[in-house]
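Written below as structure tokens is the structure these notes are about.
Residue numbers (our numbering): 13 to 216.
Dropping the structure here:
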């Protein structure tokens, strides 16, 4: 989304009294992200974990903003354990359901901003967007522009929190991710901070 597109999105949201919703995906395997921790001088702490072949936790999230309203975080989580016929991540129907859930929770029209070209090219998703044009407007970010998506800031906070977690199994990763996301839902100032980090001005 270039500057002109953002202005158009803001105008659309203002005219329809809509929420501006940023969507993004992320994932976490058993291999923890790098993180800072305490240790003896000259002795870098090393934590051995099981990594390859241990599955993955997929996360889909939406940061939601509207002038005069408390900022919101809406998310979904899926585990992939490598079982036969088990989906590795989210499909277009999962995102459709997440958008519908967002509309119900937010109680109004949505201007959706995302950068997932694959989903936008899905025929089912295009049909869903067209069929719900009275309350759903979609804008696309640049093909890969995480610096412009505040939801990417949410993933950064989540991974920072679990960076020192030596999980014994995938379930422990899932519980840690859910705990952090639930905590962020009750901290709108953190969600606002993710928006501030993008340097986008939405006049909240």
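A virtual CB, placed ideally from N, CA and C, is assigned to each residue, including glycine.
For clarity, every value in this text was computed on a predicted model and none was experimentally measured.
- Query: Rounded to the nearest angstrom, how far is the Cβ of residue 125 from that of residue 153, given a contact under 8 Å?
  - Reply: Locating residue 125 in the chain shown gives position 113, counting from the first residue. Locating residue 153 in the chain shown gives position 141, counting from the first residue. About 6 Å; that satisfies the 8 Å criterion.
- Message: Does the structure place the stretch 130–141 close enough to the stretch 161–179 that three or more beta carbon pairs sit under 8 Å?
- Response: no
- Query: So, helix, strand or coil for residue 210, using DSSP?
  - Reply: Mapped onto the chain shown, residue 210 falls at position 198. Helix.
- Item | As assigned by DSSP and simplified to three states, the class of residue 126 | Here residue 126 refers to the residue found at position 114 of the chain shown. It is a strand residue.
- What is the rounded straight-line gap between the Cα of residue 217 and the Cα of residue 98? Given that the chain is displayed from residue 13 to residue 216, the structure contains no residue 217 and the question cannot be resolved.
- With a cut-off of 8 Å on the beta carbons, I'd call residue 73 and residue 85 a contact; round off their distance for me. Here residue 73 is taken as the residue at index 61 of the chain shown, counted from 1. Here residue 85 is taken as the residue at index 73 of the chain shown, counted from 1. Their Cβ separation, rounded to whole angstroms, is 6 Å, which keeps residue 73 and residue 85 in contact under 8 Å.
- Item | As assigned by DSSP and simplified to three states, the class of residue 174 | For the purposes of this step, residue 174 is taken as residue 162 along the chain shown, with counting starting at 1. Note: residue 174 maps to coil in three-state DSSP.
- Message: residue 163 and residue 36 - do their beta-carbons sit closer together than 7 Å?
- Response: Along the chain shown, read from residue 1 onward, the residue named residue 36 stands at position 24. Along the chain shown, read from residue 1 onward, the residue named residue 163 stands at position 151. Yes, they are a contact pair.
- Message: Which residue wins for smallest C-alpha separation from residue 106, given the options 119, 93, 116 and 131?
- Response: As a first step, residue 106 is located in the chain shown; it is residue number 94 there, counting from the start. The shortest Cα separation from residue 106 among 119, 93, 116 and 131 belongs to 131.
- Task: Pick helix, strand or coil for residue 198, following the three-state DSSP scheme.
- Result: The residue labelled residue 198 in the question sits at position 186 within the chain shown. Coil at residue 198, not helix or strand.
- Message: DSSP three-state label for residue 13, please.
- Response: Taking the first residue of the chain shown as 1, we reach residue 13 at position 1. Per-residue confidence for residue 13 stands at a pLDDT of 40, beneath the threshold of 50, marking its modelled position as unreliable; the derived number appears in the next sentence. The answer is coil: DSSP assigns residue 13 none of H, G, I, E or B.
- Supposed contact pair residue 176 and residue 210 - C-beta distance, whole angstroms, cut 8 Å: Indexing the chain shown from 1 puts residue 210 at position 198. Indexing the chain shown from 1 puts residue 176 at position 164. Not confirmed; about 27 Å, so no contact.
- Beta-carbon proximity check, residue 77 vs residue 32, cutoff 7 Å: Here residue 77 is taken as the residue at index 65 of the chain shown, counted from 1. Here residue 32 is taken as the residue at index 20 of the chain shown, counted from 1. In contact: residue 77 and residue 32 (Cβ atoms closer than 7 Å).
- With distances taken from CA atoms, which of 122, 41 and 75 is nearest residue 174? Within the chain shown, the letter at position 162 stands for residue 174. Checked all of 122, 41 and 75; the closest Cα to residue 174 is 41.
- Grab me the residues of residue 28's own chain with a C-beta within less than 7 Å of its C-beta, minus the 5 sequence neighbours each way, in chain order. Numbered from its first residue, the chain shown carries residue 28 at position 16. Within the same chain, residue 28 has close Cβ partners 121.
- Just how far apart, CA to CA, sit residue 190 and residue 200? For the purposes of this step, residue 190 is identified with residue 178 of the chain shown, where counting begins at 1. For the purposes of this step, residue 200 is identified with residue 188 of the chain shown, where counting begins at 1. Computed Cα separation, rounded: 17 Å.
- Since I believe residue 71 is in contact with residue 108 (beta carbons under 8 Å), could you give me their beta-carbon distance rounded to a whole number of angstroms? Position 96 of the chain shown holds residue 108. Position 59 of the chain shown holds residue 71. Not confirmed; about 17 Å, so no contact.
- Query: Is it the case that the Cβ atoms of residue 182 and residue 67 are separated by a distance below 7 Å?
  - Reply: The sequence position of residue 182 within the chain shown is 170, counting from 1. The sequence position of residue 67 within the chain shown is 55, counting from 1. Contact flag set, yes.
- Query: Cα separation between residue 34 and residue 178?
  - Reply: In the chain shown, residue 34 corresponds to position 22, counting from 1. In the chain shown, residue 178 corresponds to position 166, counting from 1. Roughly 31 Å between the two C-alpha positions.
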